[in-house]
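Using the numbering used here, read the sequence shown as starting at 199 and increasing by one per residue. Glycine included, every Cβ here is placed at the ideal spot set by N, Cα and C. Notes follow once the structure below has been shown.
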Amino acid sequence: MKIKLSLLALLLPVMAIAQKNNFSITGHIGKLNKPAKVYLDYMDNGTGHEDSCVVSNGSFTFSGEISGIVTSRISFDHTGQGKPHAIYAPNSDVIYIYFGKEKVEFTSADSLINAKVAGSKVYDEFQAYNAQIGGTIMALTKAVNDEFSKATPEQQKDTAFVKAVDARFRRNIAAREQKQFEFAKNNPNSYFGLVALSECAGTKVDVKKVGPVFMALNALLRNTDTGKELEQRIMAAKTTGIGLQAPAFTQNNVNGKPVSLADLKGKYVLVEFWASWCSPCRAGNPNLVKQYQLYKDKGFEIISVSLDNVKEKWVDAIKKDGLPWLQVSDLKGWNNAVGRLYGVRAVPQSFLLDKDGKIIGNTLRDETLNAKLAEIFKD
């Protein structure tokens, strides 16, 4: 009996670990070996996750625990040149998919892009959804890039040609958004109905248009993290318009001390959303530093809300960029409470407040911000 109990005690931790792995992704792509590598990035409940796997005889496996359906990027580095090359290089072998608590299997003689996918009901539904709305953003972007690259050198230098290509791309995007809206209305019980509505709603939500369709969605979908985020974006559209009082918030600085927006009344305040990993944010920081130095003694303040989730990276970026103003974060990434409160879905994003805390500008960057501040603080 003692032996059986001891064996059971040894097995319990193993069983507990196994139960945590509620998804697996397996690939059989050709016969490549090291240094070939596969990278998995996925977003679960607003938190990003990264993993990688060395390829052995064309095979790789990922496993882990997720809360529900997640969006992901899988990139295959055939030659061992690193993750950035695997994602961004011309003709890179990278795919963007959704998956759930499933055992997903990719099989191909040469690449992820050409792989057949088995074992995923979510993937099958995602493919059917894309067929109805006209393809993914990635596919439409690839198509326009291919069109431009196949043009003659003379055409590529021709302004009229470039504008025509761009116009077709924008029409395709607009048509896709309309199809997404119709899909959301017609499929209130589909997870991709929620995805469609979230995407076509964009960063500036038309509450009268989007609100009723959102409320018609299945309550279980509205209660997912994606549903809650969209609901908060709808609410933010009602509370962050020009002329409205900016939503109040308090969040901790790098030393763990609370900083409140309410304490800044009497000053013009730029509420700036950024992250250490955001290249456009970092590129715009030198201009923000210059504007801050110009106007800080005249009643201008900046409070930057970081969407980081790693404190060391956040603090390091502040030091490297020499940012002397107020910095706050709850280190919850895209789940940052203030970001959700303001409906922030992309960074950089900003809101300019007057001395009474009312919003007088949003998405002001570089020259548009400079001009607005020069107008406010003109002598």
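Please name the residue, chosen from the options, that lies closest to residue i on a Cα-to-Cα basis.
{"i": "P522", "options": "G555, K299 and K494", "result": "K494"}
{"i": "N507", "options": "D519, A535, R480 and Q489", "result": "A535"}
{"i": "G439", "options": "T561, Y294 and P233", "result": "T561"}
{"i": "E565", "options": "E499, Q489, V545 and A349", "result": "Q489"}
{"i": "S458", "options": "L505, E397 and Q525", "result": "Q525"}
{"i": "Q325", "options": "P351, Y389 and T350", "result": "Y389"}
{"i": "S347", "options": "L462, A394, N289 and A399", "result": "N289"}
{"i": "L415", "options": "L395, P386 and C398", "result": "P386"}
{"i": "A234", "options": "A435, I293, A362 and C251", "result": "C251"}
{"i": "H226", "options": "G256, T350 and E427", "result": "G256"}
{"i": "G537", "options": "W512, E510, D514 and V503", "result": "V503"}
{"i": "K299", "options": "S222, K377 and Y286", "result": "S222"}
{"i": "E248", "options": "Y294, N231 and R271", "result": "R271"}
{"i": "I335", "options": "I574, A372, T350 and Y321", "result": "A372"}
{"i": "G559", "options": "V405, G317 and A444", "result": "A444"}
{"i": "E573", "options": "L492, W512, A313 and S548", "result": "L492"}
{"i": "T422", "options": "V393, L539 and K436", "result": "V393"}
{"i": "K301", "options": "D291, A287 and Y321", "result": "Y321"}
By how many angstroms is the C-alpha of residue j removed from the C-alpha of residue i?
{"i": "G391", "j": "T424", "result": "11 Å"}
{"i": "K576", "j": "L550", "result": "17 Å"}
{"i": "K319", "j": "V268", "result": "13 Å"}
{"i": "A307", "j": "K229", "result": "8 Å"}
{"i": "L571", "j": "V315", "result": "53 Å"}
{"i": "E303", "j": "L310", "result": "11 Å"}
{"i": "V545", "j": "R368", "result": "22 Å"}
{"i": "N568", "j": "G441", "result": "20 Å"}
{"i": "Q354", "j": "A365", "result": "15 Å"}
{"i": "V363", "j": "E375", "result": "19 Å"}
{"i": "L428", "j": "E352", "result": "45 Å"}
{"i": "F274", "j": "G464", "result": "53 Å"}
{"i": "D514", "j": "N453", "result": "14 Å"}
{"i": "E323", "j": "T259", "result": "23 Å"}
{"i": "M433", "j": "G400", "result": "14 Å"}
{"i": "Y237", "j": "F297", "result": "15 Å"}
{"i": "Y327", "j": "R431", "result": "23 Å"}
{"i": "L505", "j": "Y240", "result": "17 Å"}
{"i": "R480", "j": "V487", "result": "11 Å"}
{"i": "R563", "j": "N533", "result": "23 Å"}
{"i": "V542", "j": "F379", "result": "21 Å"}
{"i": "L205", "j": "A313", "result": "Unreliable placement is indicated for L205, whose pLDDT of 38 sits below 50; the coordinate value is still reported in the next sentence. Rounded to the nearest angstrom, the two C-alpha atoms are 42 Å apart."}
{"i": "G278", "j": "T224", "result": "19 Å"}
{"i": "F381", "j": "I331", "result": "8 Å"}
{"i": "K202", "j": "N219", "result": "Any reading at K202 must be qualified, since the residue scores a pLDDT of 37, below 50, and its modelled position is unreliable; the value itself is stated next. The straight-line gap from Cα to Cα measures roughly 26 Å."}
{"i": "D528", "j": "Y294", "result": "28 Å"}
{"i": "T305", "j": "A284", "result": "19 Å"}
{"i": "K511", "j": "P282", "result": "19 Å"}
{"i": "L468", "j": "K383", "result": "37 Å"}
With DSSP as the reference, label residue i as helix, strand or coil.
{"i": "I223", "result": "strand"}
{"i": "F359", "result": "helix"}
{"i": "V508", "result": "coil"}
{"i": "I264", "result": "coil"}
{"i": "F324", "result": "helix"}
{"i": "H247", "result": "strand"}
{"i": "E303", "result": "strand"}
{"i": "T566", "result": "helix"}
{"i": "T561", "result": "coil"}
{"i": "K406", "result": "helix"}
{"i": "F575", "result": "coil"}
{"i": "I285", "result": "helix"}
{"i": "S396", "result": "helix"}
{"i": "A234", "result": "coil"}
{"i": "A316", "result": "strand"}
{"i": "V253", "result": "coil"}
{"i": "I272", "result": "strand"}
{"i": "I293", "result": "strand"}
Practice prompt. Return the chain-ordered ranges of every alpha helix (DSSP H) run that is complete within the region 417-500 and spans a minimum of 4 residues.
Written response: Within the region 417-500, the alpha helix (DSSP H) runs of at least 4 residues that lie entirely inside it are, in chain order, 417-420, 423-437 and 477-493.
Discussion item. Under 8 Å, with one C-beta from each stretch per pair, do the region 544-561 and the region 447-454 reach the 3-pair mark?
Written reply: No, because fewer than three Cβ pairs between the region 544-561 and the region 447-454 fall closer than 8 Å, the two stretches do not touch.
Discussion item. With three or more C-beta pairs closer than 8 Å as the rule, is the region 508-521 touching the region 463-478?
Written reply: Touching, yes.
Item to complete: Would you check if there are 3 or more beta carbon pairs closer than 8 Å linking the region 240-252 to the region 320-339?
Response: Judged by pairs of C-beta atoms under 8 Å, the region 240-252 does not touch the region 320-339, as fewer than three such pairs exist.
Worksheet item: Does the region 346-361 touch the region 256-269, meaning 3 or more C-beta pairs lie closer than 8 Å?
Response: In this structure the region 256-269 does not touch the region 346-361; the number of beta carbon pairs closer than 8 Å is below three.
Worksheet item: Pairing CB atoms from the region 497-505 with CB atoms from the region 398-416, are three or more of them under 8 Å?
Response: They do not touch, by the three-pair rule.
Item to complete: Could I get the ranges of all uninterrupted alpha helix (DSSP H) runs contained in the region 339-384, with 4 residues as the minimum, in chain order?
Response: Complete alpha helix (DSSP H) runs here, min 4: 351-355 and 357-384.
Worksheet item: At what residue ranges does the region 505-559 contain a whole run of the beta strand (DSSP E), taking only runs of 3 or more?
Response: Counting only runs of 3 or more, we get 524-526 and 547-551.
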